[in-house]
Amino acid sequence: MKIAILPGDGIGTEIVAEAVKVLKVLDLPFEMETAPVGGAAYEAAGHPLPESTLALAKAADAVLFGAVGDWKYDTLERRLRPEQAILGLRRELGLFANFRPAICYPELTHASSLKPELVAGLDILIIRELTGDIYFGQPRGRRTAVDGHFPGAEEAFDTMRYSRPEIERIAHVAFQAARKRNRKVTSVDKANVLETFQFWKDVVTEVHAQYPDVELEHMYVDNAAMQLVKAPKKFDVVVTGNMFGDILSDEAAMLTGSIGMLPSASLNAANQGLYEPSHGSAPDIAGKGIANPLATILSAAMMLKFSLNQPEAAARIEAAVQSVLSQGLRTADIHSEGTRKVSTREMGDAVVAAVTAGVTMTKTIKG
Ligand code: IPM
Ligand code: MG
């Protein structure tokens with residue numbers, strides 16, 4: 539089993555180091571190889587996704603990814619910005635299915651900005667299509683307008699588009715995930731305005747015919763944004779396009795009070811995957827040793843389950859994370875009165891200790 543380790547920028551290096559420590563203590567036959575990505579790779583090799591890093595990622599069974607980005611790269615031309623590394627990996631590896639669970643851990647119910655009763659026990663899964671939509675649609679660019687409100691003016695444009703196979707495959711992923719959970723899929727669209735998302739809705743409805751045991755509802759994206767803060771527990775699996783999924787998954791993450799806790803997986807048709815925390819590189823706290831490594835550690839658990847066929851090892855990590863939370867250990871982002879504030883490294887060490895002690899599971903991340 540070969541794992542490509544791509545720590546990236548900002549807190550990426552700190553949190554990935556803790557996840558690697560946890561992987562090592564499992565004593566499984568992994569081969570881990572590290573490579574630069576994002577701003578770090580731009581500094582080292584002049585490109586955010588160097589050929590050698592891409593080759594390593596392609597050859598690996600799974601990629602453990604930290605985070606990329608820093609404000610200091612905002613003025614670089616777009617193709618050299620750190621974000622292009624993650625977009626390039628998604629495109630080159632065909633990682634079309636992005637799983638973003640939003641789970642409210644019982645110990646952290648009060649960290650949410652919503653009332654505790656709205657989020658207690660929350661466990662939803664956002665499935666975001668990751669290689670299509672306006673993110674990748676061609677053509678795009680700048681030009682002189684020939685029509686519109688201001689003919690002759692300078693304008694910029696992007697293209698929102700989805701093909702039938704792209705929608706079909708993500709719909710299958712969503713229905714199959716729902717079968718392992720509470721058998722309900724909410725497909726989020728903007729069919730009232732956009733051709734692309736009327737087509738999305740039609741194709742999802744067709745695919746649903748193959749899953750009579752799963753309930754399907756359709757929801758407009760603006761309403762979905764509202765329902766997520768009004769009654770988030772009514773959702774089970776949410777499936778949507780690339781851009782709506784980007785926005786809604788940040789919203790859902792915040793419901794749990796702690797984006798520092800949420801893992802994610804991005805899979806291709808061969809179950810090769812890229813695993814990363816749902817949060818970003820947080821340059822403002824980088825190097826201070828205060829970042830929460832649990833999202834990355836839980837991403838490593840997802841990796842073991844989805845790409846490396848090691849569900850027991852994944853369960854050991856998830857149980858260890860539960861255990862450190864119930865021991866009252868908290869990094870700064872989730873710290874509250876009556877709990878013990880720990881550093882990034884102390885949190886990683888505590889998870890390592892719990893894995894070693896073999897604590898058993900109380901709850902696993904579903905689907
Ligand atoms: C995410 C991020 C990325 C995205 C950026 C960094 C390109 O926001 O993974 O959600 O927009 O997909
Ligand atoms: Mg995002």
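Heads up: the sequence shown begins at 539 in the numbering used here, then just goes up one per residue.
Glycine included, every Cβ here is placed at the ideal spot set by N, Cα and C.
A quick note: this is a predicted structure, and the numbers were derived from the prediction, not measured.
DSSP beta-bridge partners of residue i
i	result
residue 588	Answer is none; residue 588 lacks a bridge partner.
residue 757	726
residue 815	801
residue 887	Paired residues: none, contrary to the question.
residue 681	693
residue 637	665 and 803
residue 867	878
Status (buried if at least 16 other CB within 10 Å, exposed otherwise) for residue i
i	result
residue 847	exposed
residue 547	buried
residue 895	exposed
residue 690	exposed
residue 739	buried
residue 623	buried
residue 926	Lying before the first or after the last residue shown, residue 926 is absent from the chain, which here runs from 539 to 905.
residue 843	buried
residue 598	buried
residue 617	exposed
residue 676	exposed
residue 800	buried
residue 655	exposed
residue 576	buried
residue 713	buried
residue 566	exposed
residue 704	buried
residue 905	At residue 905 the pLDDT is 46, less than 50, meaning the model places this residue with poor confidence; the figure from the coordinates comes in the next sentence. Buried: at least 16 other Cβ atoms inside 10 Å.
residue 748	exposed
Start-to-end residues for the alpha helix (DSSP H) that takes in residue i
i	result
residue 710	702-717
residue 781	780-793
residue 740	733-746
residue 854	849-864
residue 623	621-631
residue 577	577-583
DSSP state of residue i mapped onto helix, strand, coil
i	result
residue 654	helix
residue 690	coil
residue 844	helix
residue 549	coil
residue 572	strand
residue 665	strand
residue 644	helix
residue 659	coil
residue 616	helix
residue 601	strand
residue 879	strand
residue 561	helix
residue 821	helix
residue 832	helix
residue 649	helix
residue 610	helix
residue 542	strand
residue 566	coil
residue 554	helix
residue 777	strand
Residue i: first and last residue of the uninterrupted beta strand (DSSP E) it sits in
i	result
residue 769	Premise fails: residue 769 is in no beta strand (DSSP E) and is neither H nor E.
Residue i versus residue j: straight-line alpha-carbon distance, rounded
i	j	result
residue 552	residue 893	20 Å
residue 830	residue 702	40 Å
residue 761	residue 727	10 Å
residue 832	residue 869	9 Å
residue 871	residue 682	47 Å
residue 480	residue 778	Here the chain comprises residues numbered 539 to 905, so residue 480 is not present and cannot be evaluated.
residue 901	residue 626	Reliability fails at residue 901, whose pLDDT of 49 lies under 50, so the model's placement of it is uncertain and no value is given.
residue 541	residue 822	29 Å
residue 721	residue 539	32 Å
residue 723	residue 834	27 Å
residue 839	residue 613	36 Å
residue 643	residue 664	17 Å
residue 605	residue 561	18 Å
residue 680	residue 673	16 Å
residue 580	residue 586	5 Å
residue 816	residue 636	11 Å
residue 661	residue 858	19 Å
residue 601	residue 639	18 Å
residue 745	residue 788	27 Å
residue 736	residue 891	51 Å
residue 825	residue 550	10 Å
residue 646	residue 883	20 Å
residue 564	residue 554	16 Å
residue 808	residue 854	25 Å
residue 658	residue 750	30 Å
residue 544	residue 669	20 Å
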